[in-house]
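> Here it is, the structure, as structure tokens.
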Amino acid sequence: MSKKNQITVTSPLLPSLEEFTPMLQDIWDRKWLTNNGFYHQELEKALAEYLGVEFISLFTNGTLPLITALQAMRITGEVITAPYSFVATTHSIWWNGLTPVFVDVDPNSGNLDPKKIEEAITPKTTAIMPVHVYGNPCDIQAIQEIADRYGLAVIYDAAHAFNVKQNNKTILDSGDMSTLSFHATKTYNTIEGGALICKDARTKKRIDYLKNFGFAGETTVVAPGINSKMDEVRAAYGLCNLKHIDAAIEARKKVAIKYREALRNAPGIKLFNENPDVTYNYSYFPIFVNEKEYGTSRDALYEKMKGHNILGRRYFYPLISTFGVYRGLSSSNPANLPVATKMANDVICLPMHAGLSDNDIERVLTLILKK
Ligand SMILES: Cc1ncc(COP(=O)(O)O)c(C=O)c1O
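Heads up, the final residue of the sequence shown is numbered 381 in the numbering used here, and it's a clean run with no missing numbers.
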């Protein structure tokens, strides 16, 4: 298929080379490429301020902060989590030698359904790992009440929730910790990258040791940490992109408004409702195709879009719980996860990025509405 006229599902936010290359020159001059360098420190400070959080540690991607968060909190036994996510969420639990326990999601948000959490708690449960799917905030208060009642840690996978706010307050300081992904496909990117947000200086110190092999000094290793340090080139790139993120989110918002306006009443197409209390980052625009009402299956629509050079993404499909590594778990039984199973079977994320033109949007909408 020719790339000409192709509408991709995402397109990275890139700083201009004019602003990036002087920083590269500076890195070359400094000859300090990684290990908590100047740009690393600057980006941590800048992100803390921008996101309105106090303690943030940069990582080399968005998976290692999940793994490190569980390690930092010494989580053991079973971790309750959502099957409707990117596979890295559950993998982080597996990588710590822990057992993921899947709980179904809420059809109105795609997030862990708090009403179903308690029945999954056993004496081995020590933590809950919810996901703010597509940047939709979880029911933070309900989850916290359960965590407080049972003495559980809460680690949010906030990979999609860069700068999402509720009632004008960041959601990234919820629970005990939150993780971010700065992957190239995310709203804000450092090419590959991520972060772990925590609540106090002592925990940040432990996280910073753990992401540097566990080194707490020249000759002291306090734990079997991993290497997950962000390098200077990507930290500098991240500083550049931070200058453009507000404009990029604004451009995404315009796309979302047009999609929503056109698809709101389309028979057989379901959208999530927007919550007026939430400031979204418009990272994704999922639609859910009801085959009976729409008259075409999700997969047929997905293929048709592809045939017209419009690339959607079945995100998240298949459900994590159906993958070979996890499907033997009793919580993976589809009867335990009816809502998540349906969402995975119905979803297509439409092209969503700051560079979509009115013409692109029109092409996507015409195809979906024409049938
Ligand atoms: C929900 C979720 N968690 C974790 C990750 C992992 O992030 P990364 O790709 O930066 O390792 C992703 C990335 O797509 C994600 O979507």
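The beta-carbon is built from N, C-alpha and C at its ideal position, and this holds for glycine as well.
Note that this is a predicted model, so its numbers are computed, not measured.
Would you say Val113 lies against chain B (beta-carbon separation less than 8 Å)?
The structure shown contains no chain B; it holds only a single protein chain.
> Counting along the chain, where does the alpha helix (DSSP H) carrying Tyr269 start and finish?
Where Tyr269 is concerned, the enclosing alpha helix (DSSP H) stretches over Ile255 to Leu273.
> If Arg40 and Phe30 are in contact, beta carbons under 8 Å, what's the gap, nearest whole angstrom?
With 8 Å as the limit, Arg40 and Phe30 do not qualify as a contact, their Cβ atoms being about 16 Å apart.
> From Pro25, Asn121, Glu260 and Lys175, pick the residue whose C-alpha is nearest to that of Thr289; which is it?
Of the listed residues, the one whose Cα sits closest to Thr289 is Lys175.
> How many angstroms separate the CA atom of Met83 from the CA atom of Ala163?
Near 8 Å, if we compare the C-alpha coordinates of Ala163 and Met83.
> When you compare the CB positions of Tyr304 and Cys359, do they come within less than 8 Å of one another, or not?
No, these two residues do not count as a Cβ contact at 8 Å.
> Mapping DSSP to helix, strand and coil, what is Tyr336?
Tyr336 falls in the coil class under three-state DSSP.
> Any heavy atom of ligand 1 inside 7 Å of the beta-carbon of Asn71?
Within the cutoff, so yes.
> Give the secondary structure of Ser341 by DSSP, where H, G and I count as helix, E and B as strand, and everything else as coil.
Correct three-state label for Ser341: helix.
> Consider the C-beta atom of His193 and the heavy atoms of ligand 2; say whether any pair is separated by less than 7 Å.
Because ligand 2 does not appear in the structure shown, any question about it cannot be addressed here, the ligands present being ligand 1.
> My guess is that Ser21 and Gly365 are in contact by the Cβ rule of under 8 Å, so how many angstroms apart are they, rounded?
Contact holds; Cβ gap of about 5 Å.
> Is the beta carbon of Pro110 closer than 8 Å to that of Tyr336?
Cβ distance < 8 Å, so Tyr336 and Pro110 count as in contact.
> Could you give the DSSP three-state label for Val143: helix, strand or coil?
Here Val143 sits in helix by DSSP.
> In terms of alpha-carbon separation, which member of Gly322, Thr135, Leu182 and Pro75 lies closest to Ile150?
Closest option to Ile150, Cα to Cα, is Leu182.
> Looking at C-alpha atoms only, which residue of Val243, Asp368, Glu88 and Ile66 is the closest neighbour of Thr189?
Nearest of Val243, Asp368, Glu88 and Ile66 to Thr189, Cα basis: Ile66.
> State yes or no: is the C-beta of Thr197 nearer than 7 Å to some heavy atom of ligand 1?
No, the Cβ of Thr197 stays beyond 7 Å of every heavy atom of ligand 1.
> What residues in its chain sit with their C-beta under 6 Å from that of Ile131, if we drop five residues either side in the sequence?
Closer than 6 Å at the Cβ level, and outside the excluded window around Ile131, lie Tyr160.
> Are Leu76 and Ala98 close, meaning C-beta to C-beta below 8 Å?
Yes, these two residues count as a Cβ contact at 8 Å.
> Which class does Met33 belong to by DSSP, given the choice of helix, strand or coil?
Looking at Met33 - three-state DSSP - the assignment turns out to be helix.
> Could you check what DSSP says for Met362 in three-state terms: helix, strand or coil?
In the structure shown, Met362 sits in coil (DSSP, three-state: anything other than H, G, I, E or B).
> Cys208 bridges to which residues according to DSSP?
Per DSSP, Phe65.
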